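Numbering (my numbering), first residue to last: 100 to 387. Glycine is no exception: its CB is placed at the ideal position from the N, C-alpha and C atoms. Bear in mind the structure is a predicted one, so any value in this text is a computation, not a measurement. Here's the structure, in structure tokens; my notes come after.
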Amino acid sequence: MTYASAAARLALNATGAVYDVPKFVLSPQGRLHQVEYALEAVKQGSAVVGLRSRTHAVLVALKRAPSELAAHQRKVLKIDHHIGIGFAGLTSDARVLSHYMRQLALSSRLMYTRPLPISRLMSTLADRAQLNTMQYGKRPYGVGFLVIGVDDTGPHLYEFNPTGNCFEYHAMSLGARNQSAKTYLERHLDEFAGASRDELILHGLRALRETLPQNKQLERVAVSVATVGPGADADPRSSAVRDGEKFSLLEGDDLAAWFEQLGPSEREQAAQARADADSERRDAMDEN
Numbered sequence: 100m101t102y103a104s105a106a107a108r109l110a111l112n113a114t115g116a117v118y119d120v121p122k123f124v125l126s127p128q129g130r131l132h133q134v135e136y137a138l139e140a141v142k143q144g145s146a147v148v149g150l151r152s153r154t155h156a157v158l159v160a161l162k163r164a165p166s167e168l169a170a171h172q173r174k175v176l177k178i179d180h181h182i183g184i185g186f187a188g189l190t191s192d193a194r195v196l197s198h199y200m201r202q203l204a205l206s207s208r209l210m211y212t213r214p215l216p217i218s219r220l221m222s223t224l225a226d227r228a229q230l231n232t233m234q235y236g237k238r239p240y241g242v243g244f245l246v247i248g249v250d251d252t253g254p255h256l257y258e259f260n261p262t263g264n265c266f267e268y269h270a271m272s273l274g275a276r277n278q279s280a281k282t283y284l285e286r287h288l289d290e291f292a293g294a295s296r297d298e299l300i301l302h303g304l305r306a307l308r309e310t311l312p313q314n315k316q317l318e319r320v321a322v323s324v325a326t327v328g329p330g331a332d333a334d335p336r337s338s339a340v341r342d343g344e345k346f347s348l349l350e351g352d353d354l355a356a357w358f359e360q361l362g363p364s365e366r367e368q369a370a371q372a373r374a375d376a377d378s379e380r381r382d383a384m385d386e387n
């Protein structure tokens, strides 16, 4: 090794760039940079909100259009009658993984004549994603999922991310400006357990609205809502399957009733409260 090449290698190490390319090399801080970049892709995606009660689980997603001439991209996908996903990140990766999940669900119905348990689906998906963080020639998936489903224990909401981790939640959000939605969900968490399907949808829309910039309004054309409820995982050979609340997708005019009930956002209420307080102070000063 020449002095010049050795110096260049030392300079590369000093900047940390040597840890950017190989995803299976840990940095001195114990980090995998490629995995962190995949997580960043999820943070840049459009927002998705998920929440569940004792009876139902709901997804609310914000759709984006690449340009004014393009249609809005779908952000909520059906996996089976009792499972659906909302995603943030690379659409191409979401398409590949959703196809894989549908294959697993179909195999369960063909081989065992029963719906695939959502917990098994998530553990299998997590194993596949984790391998991509350590195998040569592959890269981490640049997409995150919120997965809703129903089994004999009730509704479930899972988060999947490119690290291969899966966690179950009562409420969660992904994508750009998701912290604003999380703040809303944390404030109203106690209301979710006993909420009806319609109340969950309303909470989901209000949480999603918090992720928008102050100069933008939530529009029906840019929103997808998915729900799943009791009996969605019923045995297809039984009569109960007809009464089950299977995965359903609501868009556009289907959401009109909930948009009429939205009311002002928490930011608008706070701004109005500040304006009222300022007005009262000015009135008090004028009286003095």
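Query: Inter-residue spacing [alpha-carbon to alpha-carbon] between residue 318 and residue 282; Result: 21 Å
Query: Residue(s) in a DSSP beta bridge with residue 350; Result: 323
Query: Residue 179 - containing beta strand (DSSP E), residue span; Result: 175-179
Query: Opposing strand residues paired with residue 255 [DSSP bridges]; Result: 248
Query: Residue 261 vs residue 235 beta-carbon contact at 7 Å; Result: no
Query: 7 Å Cβ cutoff met for residue 273 and residue 357; Result: no
Query: Whether residue 323 touches residue 174 by CB criterion (7 Å); Result: yes
Query: Range covered by the alpha helix (DSSP H) that runs through residue 152; Result: Element bounds for residue 152: n/a, residue is neither H nor E.
Query: Exposure label - residue 144; buried when at least 16 CB within 10 Å; Result: buried
Query: 8 Å CB neighbourhood of residue 384 in its chain, flanking five on each side removed; Result: none
Query: Pairwise C-alpha distance: residue 221 and residue 136; Result: 22 Å
Query: Euclidean distance between Cα positions of residue 103 and residue 172; Result: Low confidence applies to residue 103: its pLDDT is 44, below 50, so where it sits in the model is not reliable enough to give any reading.
Query: Straight-line Cα distance separating residue 257 from residue 247; Result: 7 Å
Query: Inter-residue Cα distance where the pair is residue 363 and residue 308; Result: 10 Å
Query: Local conformation of residue 158 per DSSP, three classes; Result: strand
Query: Neighbourhood of residue 188 by C-beta, 7 Å cutoff - its chain only, sequence neighbours within 5 removed; Result: 140, 141, 144, 241, 242, 243
Query: Cβ distance (whole Å) where residue 178 is taken to contact residue 200 below 8 Å; Result: 5 Å
Query: For residue 134, the nearest candidate out of 180, 231, 154 (CA to CA); Result: 231
Query: Residue burial classification, residue 266 (beta-carbon count within 10 angstroms, cutoff 16); Result: exposed
Query: Nearest-angstrom Cα separation, counted from residue 167 out to residue 113; Result: In this prediction, residue 113 has a pLDDT of 46, which is less than 50 and means its spatial position is unreliable; nothing more can be read from the coordinates.
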